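First up is the structure itself, then whatever we jot down about it.
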C-alpha cells in the first residue's frame, strides 16, 4: 500500500467524521444517554440576545442556516471518501476541494459572527480550524503529487522486539490504570475529610473525580460528625488558590460553636 | 576562520529531522508515564486521566469505571505503540538506516493520527470543544511533521552549522550580559519577595463591615488561610458572614491578582 494513499485516507476520514458528528450534534439537541454534545441553540440564543434580538426566531433561523450548510458540507466529504475508497482519486479530489471550500466558507462566517458578538476566544478557535482546513487541502494535494512511495514493512527481528516491548509496556500501563481506578473510584461518592486550618474554619480538598454528590455527602457527614458546630458560610476556593490547577477543588467551611451561640 | 558548531558538521536538515523524531518519542513517552502514574506524586503532577475519562463517560450515562478503564487502556495501547515506533525510528536514524527510519516513523505517524482522530470523535460526543481544537491541532502537527520529515530527506540543502569566530565572540558576550542581568533580577526577586508565598495579608476596610484583601500572584491557599486567621485574631468582635471573590471582569486584566472582600457583622 502506498504511503500517500494511507495519509490521504486519514485526512478524508478525519474531516468526514468531524463534519458528520457536527451535523449529528445539531440534530441531537440537549444531553442524552451516550451523547452529551454542545447546546448550540442556547449559544445562538445568547449571542443574538446580546445584540438585542431576543426573539428566538433569529437564533433558530441562523442555526438552521448554519446546520444546512454543515449538512451539505458533510455530503461533500462523504462523496470524496466514497470515491476515494472506490479508487476514483480524481473525482475524490474534486469533491474534497468542494468540501474544503464549503468548510472554509463556514469558518469565515463563524469568524464574522465571533467579531460581531465579541467572542475573541472563539475567533481564535475558528481561525485555527480555518487554517488547518486550508493546510489539510495543501497536504492532500502535495502528498498526491510528490510522494508515491510504497510502504515496505519487513517482519524482522527489530519489529518483533518492538511488538514485544509494546505489549509489555501496554500490559504494565493496563495494570497500573486498573489499579489506580480501583484505588480512586471510591472518590466518586466518598465524603471528603475536612481539616481544621483555622479555629472553626475547615478546609476540604476535593479530588478531580468528585462531583455534586460528593459535596452533599461531605457536608452531611461533616454535620453528623460535628453536632457541636453550626455552619455559617461555605467558600469555594477560586482557581488561584489551587496549586494543582484543574485537578481539584478547595472548599472552606466557616463554622461557630453552637454552645457559644446559646451563651450569646 | 570557521568553527564547526557541531563536531561532526551535521547538516541542518538532519538536525531538524532528528528533532522531529526526538519530539514525538518524548511526547508519547511522557503521555505513557502520565497514564502509568495516574495521580499526582512528588515531582509529578500530570493529569488524572482516569478521573477525566470517568467524568466524560458518566456525563453520557456510562458510570461504570470498567468503561473508562477500557477506553483508557485502548488509548494507552495506541500511545505505547506510537512511542515504540517513533523511538525505533530514532534509533534507526542514529544508525543511519534511513529507509527503515522512514518506515518506522510512518507507522508511528499513522498510530498518532488514529489516536487523535479517536480523541476528536470523543470530543464531539462529550461536547468538549476546547479539547476538539487541541486534538485537531495535534492531528495537523502530526501530518505536518511527516511532510517536513520527508521533504527534508529529499531536499538538496547541504548547509552546515558553522559560525564565524567574530560572531561567536559577539554572541557570547551579549548572551553572558543578558544571562547575568536576568539571573540577578530573578534571584533578587526571589530573595526579596518569596515570602509573599506564605505571608498573611492585611485586610483593608473599604466600608462598614467590608474588608478588601488583594492577593499577590505568588499567593495560594496558605496565604488565604493565614490571612483569615490573622483577620479573626485582629477582629475578635467580628463574625465573617460572607467572602466575595471579585470575578475576572471586575479585575484590571492581568495586573490584578485574586481579590476578595470579607463581609462581617458584629458579634452579639
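Chains as they are written, first to last, in our numbering: chain A, 170 to 433; chain B, 15 to 282. Note that CB positions come from ideal geometry on N, CA and C, so glycine has one too. Only a predicted model underlies this, so the values are computations on that prediction, with no experimental measurement involved.
Check, Outcome
"Touch test, the stretch 136-152 of chain B against the stretch 112-124 of chain B, Cβ-Cβ under 8 Å, three pairs minimum", "no"
"Among B/100, B/137, B/253, the one whose alpha carbon lies nearest that of residue 207 of chain A", "B/137"
"Residue 360 of chain A - partner residues in DSSP beta bridges", "DSSP lists no partner for residue 360 of chain A."
"Residue 271 of chain B and residue 208 of chain B closer than 8 Å at C-beta", "no"
"Assigned exposure category for residue 222 of chain B - 16 Cβ within 10 Å defines buried", "exposed"
"Pair within 8 Å by beta-carbon distance, residue 420 of chain A and residue 373 of chain A", "yes"
"For residue 338 of chain A, the nearest candidate out of B/96, B/161, B/227, B/188 (CA to CA)", "B/96"
"Straight-line gap, residue 290 of chain A to residue 273 of chain A (C-alpha atoms, nearest Å)", "18 Å"
"As assigned by DSSP and simplified to three states, the class of residue 418 of chain A", "strand"
"Residue environment, residue 52 of chain B, which counts as buried when at least 16 other CB atoms sit within 10 Å", "buried"
"Extent of the continuous beta strand (DSSP E) run through residue 138 of chain B", "No beta strand (DSSP E) holds residue 138 of chain B; the alpha helix (DSSP H) holding it covers 112-140."
"Minimum C-alpha distance to residue 423 of chain A - residue among B/239, B/111, B/68, B/187", "B/239"
"C-beta neighbour in chain A for residue 226 of chain B, strict 8 Å", "no"
"Any 3 or more C-beta pairs closer than 8 Å across the stretch 68-84 of chain B and the stretch 197-207 of chain A", "yes"
"For residue 64 of chain B, three-class secondary structure by DSSP", "helix"
"Partner residues on chain A for residue 79 of chain B, Cβ-Cβ distance less than 7 Å", "350, 354"
"Neighbourhood of residue 399 of chain A by C-beta distance below 8 Å, restricted to the same chain and skipping five residues each side", "424, 425, 426, 427, 430"
"Distance, residue 266 of chain A Cα to residue 252 of chain A Cα", "13 Å"
"Segments assigned beta strand (DSSP E), at least 3 residues, entirely inside the stretch 367-391 of chain A", "370-376"
"First through last residue of the alpha helix (DSSP H) which encompasses residue 87 of chain B", "79-108"
"CA nearest to the CA of residue 298 of chain A, picked from A/277, A/286, A/311, A/285", "A/277"
"is_contact[residue 139 of chain B, chain A] using C-beta, thresh 8 Å", "yes"
"Between the CA atoms of residue 184 of chain B and residue 154 of chain B - distance to the nearest angstrom", "39 Å"
"Per DSSP, cross-strand counterpart(s) of residue 171 of chain A", "A/319"
"Local Cβ density within 10 Å of residue 129 of chain B, reported as buried at 16 or more and exposed below that", "buried"
"At least 3 beta-carbon pairs within less than 8 Å: the stretch 236-251 of chain B vs the stretch 378-396 of chain A", "no"
"Within 8 Å of chain A by C-beta, residues of the stretch 230-260 of chain B in sequence order", "233, 234, 235, 238, 239, 242, 243, 246, 253, 254, 255, 256, 257, 259"
"Residue 383 of chain A and residue 407 of chain A closer than 8 Å at C-beta", "no"
"Residue 228 of chain B (DSSP reduced to helix, strand or coil)", "strand"
"Identity of the residues DSSP links to residue 221 of chain B by a beta bridge", "B/224"
"Start and end residues, alpha helix (DSSP H) containing residue 248 of chain A", "225-254"
"Closer than 8 Å to chain B by CB, residue 371 of chain A", "no"
"Beta-carbon spacing of residue 386 of chain A, residue 355 of chain A below 8 Å", "no"
"Residue 186 of chain A versus residue 300 of chain A - alpha carbon distance", "18 Å"
"Euclidean distance between Cα positions of residue 233 of chain B and residue 61 of chain B", "23 Å"
"Assigned secondary structure, residue 280 of chain B (DSSP; H/G/I helix, E/B strand, else coil)", "strand"
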